[in-house]
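Trainee: Below you'll find the structure I mean.
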Amino acid sequence: MKKFMFICMLGAFLSACGSDKEGGLPCPPTAIGVDVNAIDLSVDGNVSQVNTAVVFNDLVFNFESSGEAVFAPGNEFDPNKKYSTDCVGLPVILGSINTLSEFNIYSTADYNSKLTAGTSLNEVFSVQSIDTGDFDYGESLTLKQLQGDLPISAPRYFSLILNQAPEVESSHLFYIEFMVDDKQIIIETTELLITGNE
């Protein structure tokens, strides 16, 4: 019985030592931002199939930027270092550390007699939401007007809508061009048959 008690006490002592050792590990460093290297696009408006007819004001272009986590100098994450697994952190949407200096949209088709294929369509797209981490531009700003405010902090999440119908129903393949720091990112949409009927 004494031997059993000794083994139990020894086990408890070793377990406590292990807990202290784990408790002495530092928490992993917290990222302070994201270095954007990609922008993903999803399109709302019942456009699951290529060239499905969609009313212009039903279209929403949703963008999400992603990249590598950035840490404060001297507090970088070390993959070879052991960190405590008991740390609790609050969920935070990190802003980017980058600058957006260009943002243009083009189409392979004429939008109207003035905005022909290959010309900028920034004036027919309005900002539904754009978050630069410090400022929300709201939904009254056209992309052309936003160009006047560039450069700004590259947003993580943003969306655009069309503010006017095309002159004729036609299929559009949109090319969306971003300049993030010195890196050009170009996104190509699926073919969208845009109508003016509400």
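Numbering of the sequence shown is given in my numbering, commencing with residue -9 and proceeding in unit increments. Note that the Cβ used here is the ideal one computed from N, Cα and C, for glycine as well.
#1: Between the segment 47 to 63 and the segment 144 to 156, are three or more C-beta pairs nearer than 8 Å?
#2: Looking at C-beta atoms only, is the number of pairs between the segment 85 to 95 and the segment 14 to 30 that lie closer than 8 Å three or more?
#3: Restricting to Cα atoms, I'd like to know which of D30, N41, E181 and C17 is closest to Y73.
#4: Taking DSSP as the reference, what is the three-state secondary structure of K134?
#5: Could you tell me which of E159, I22 and T180 sits nearest to V82, measuring between CA atoms?
#6: What separation, rounded to the nearest whole angstrom, lies between the Cα atoms of T180 and A59?
#7: Tell me the DSSP secondary structure of E167 in three-state form.
#8: Would you kindly report the start and end of the unbroken beta strand (DSSP E) that includes G23?
#9: Measuring alpha carbon to alpha carbon, tell me which of I175, K71, C77 and I184 ends up nearest S91.
#10: How about I184 and P145: do their beta carbons lie closer than 7 Å?
Mentor: Answer, in terms of the structure:
#1: Output reads yes: the segment 144 to 156 touches the segment 47 to 63.
#2: yes
#3: Of the candidates D30, N41, E181 and C17, the one whose C-alpha sits nearest the C-alpha of Y73 is C17.
#4: helix
#5: I22
#6: Roughly 30 Å separates the two Cα atoms.
#7: strand
#8: Residue range G23 to D34 is occupied by the beta strand (DSSP E) that includes G23.
#9: I175
#10: no
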